[in-house]
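Trainee: Heads up: the sequence shown runs through residues 1 to 206, numbered per the UniProt record's numbering.
No residue lacks a Cβ here, since even glycine has one placed at the ideal position from N, Cα and C.
Source: prediction; values computed, not measured.
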Amino acid sequence: MEKRSLTTGEIAKYCGVNFRTVIRWIKQGHLKAYQLPGRGDNRIEVQDFLNFLREHDMPVPEEFQERSRRVLIVEDDPLMAKNMQRILRRGGFETQIASDGFSAGTLVKTFSPAVMTLDMKMPRLGGLEVVKFVRSTEGLRDIKILVVSAMPQRDLEEALKAGANEALEKPFKNEDLLEKVSRLAGVTGPPGSRFAPPRQSLEKSP
Numbered sequence: 001m002e003k004r005s006l007t008t009g010e011i012a013k014y015c016g017v018n019f020r021t022v023i024r025w026i027k028q029g030h031l032k033a034y035q036l037p038g039r040g041d042n043r044i045e046v047q048d049f050l051n052f053l054r055e056h057d058m059p060v061p062e063e064f065q066e067r068s069r070r071v072l073i074v075e076d077d078p079l080m081a082k083n084m085q086r087i088l089r090r091g092g093f094e095t096q097i098a099s100d101g102f103s104a105g106t107l108v109k110t111f112s113p114a115v116m117t118l119d120m121k122m123p124r125l126g127g128l129e130v131v132k133f134v135r136s137t138e139g140l141r142d143i144k145i146l147v148v149s150a151m152p153q154r155d156l157e158e159a160l161k162a163g164a165n166e167a168l169e170k171p172f173k174n175e176d177l178l179e180k181v182s183r184l185a186g187v188t189g190p191p192g193s194r195f196a197p198p199r200q201s202l203e204k205s206p
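1. Spatial neighbours of F111 within its chain, please: C-beta separation below 8 Å, excluding the five flanking residues on both sides.
2. Under three-state DSSP, which class holds V187?
3. With a 10 Å radius around its C-beta and 16 neighbouring C-beta atoms as the bar for buried, classify E75 as buried or exposed.
4. What separation, rounded to the nearest whole angstrom, lies between the Cα atoms of A159 and I145?
5. On the DSSP bridge assignment, give the partners of K173 in chain order.
6. Taking three-plus beta-carbon pairs below 8 Å as touching, is the region 86-95 in contact with the region 43-54?
7. Given a cut-off of 9 Å, decide if D176 and L168 are closer than it, judged by their beta-carbon atoms.
8. Would you report the Cα separation of W25 and P78, rounded to the nearest angstrom?
9. Identify the continuous alpha helix (DSSP H) that holds V115 and give its terminal residues.
10. Under 8 Å Cβ to Cβ from G127, same chain only, skipping five residues before and after it: list those, please.
11. Buried or exposed for G16, please, with buried defined as at least 16 other CB atoms from any protein chain shown within 10 angstroms of its CB.
12. Quick check on N83: does DSSP put it in helix, strand or coil?
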């Protein structure tokens, strides 16, 4: 996807709101923007727009869903990793697999996923360290992290406190994995699905 900036009018059209609402989001710090010198018109980088949508659990418009459908599967069990890959690919996601924490650290930069599924018990670099690395690294912090693990509940809670977004216990149902990844990615169906209106909480903010 070509990197470019968007106007407040374009953002309003994508989100189904009035452009004044977009300006209010900018003024309130919800949406990152910059102003053109001498004119004062607001411009929003595409990546900042996508970050805004994910942070507020708003679906991503169809034309921006290329990255939103990328999922990095971090799993050291080959059979489990392939099974998760099969489930997600059937759901329309593009996937890559990292079999250890160090490989995950490389692939999050080169593959640029929207969501990462993460087993906590990993060789070389543990899942908790991966969460902390992603959350402390500029350019990676917007990646959604779904912990998928059979570890005790207290370990899952520790991962959530460190910055993971959600947790899914093993064994899991196929539909539960697909539903959680889809929600975190901000997509509501297979490629070609319609973009839903934004949540009313932002629309009605003072």
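Mentor: Short version:
1. As a position in the sequence shown, residue 111 is number 111, starting the count at 1. Excluding positions up to five away in sequence, the list reads R70, L72, Q96.
2. Numbered from 1 along the sequence shown, position 187 holds the residue referred to as residue 187. Coil at V187, not helix or strand.
3. Numbered from its first residue, the sequence shown carries residue 75 at position 75. Its Cβ being crowded by 16 or more others within 10 Å, E75 is buried.
4. Sequence index remark: in the sequence shown, residue 159 carries index 159 (1-based). Sequence index remark: in the sequence shown, residue 145 carries index 145 (1-based). So the alpha carbons of these two residues sit roughly 10 Å apart.
5. Working through the sequence shown from its first residue, we reach residue 173 at position 173. For K173, which the question treats as bridged, DSSP gives no partner whatsoever.
6. no
7. Mapped onto the sequence shown, residue 168 falls at position 168. Mapped onto the sequence shown, residue 176 falls at position 176. In this structure, D176 lies closer than 9 Å to L168 by Cβ.
8. Mapped onto the sequence shown, residue 25 falls at position 25. Mapped onto the sequence shown, residue 78 falls at position 78. Roughly 44 Å between the two C-alpha positions.
9. In the sequence shown, the residue the question calls residue 115 occupies position 115. Segment 115-118 is the beta strand (DSSP E) holding V115; no alpha helix (DSSP H) there.
10. On the sequence shown, position 127 is the one that residue 127 refers to. Hits under 8 Å: V74, G101, L118, D119, M120, K121, V147, S149, A159.
11. Along the sequence shown, read from residue 1 onward, the residue named residue 16 stands at position 16. Exposed, since its Cβ has fewer than 16 Cβ neighbours within 10 Å.
12. By one-based count along the sequence shown, residue 83 stands at place 83. Helix at N83.
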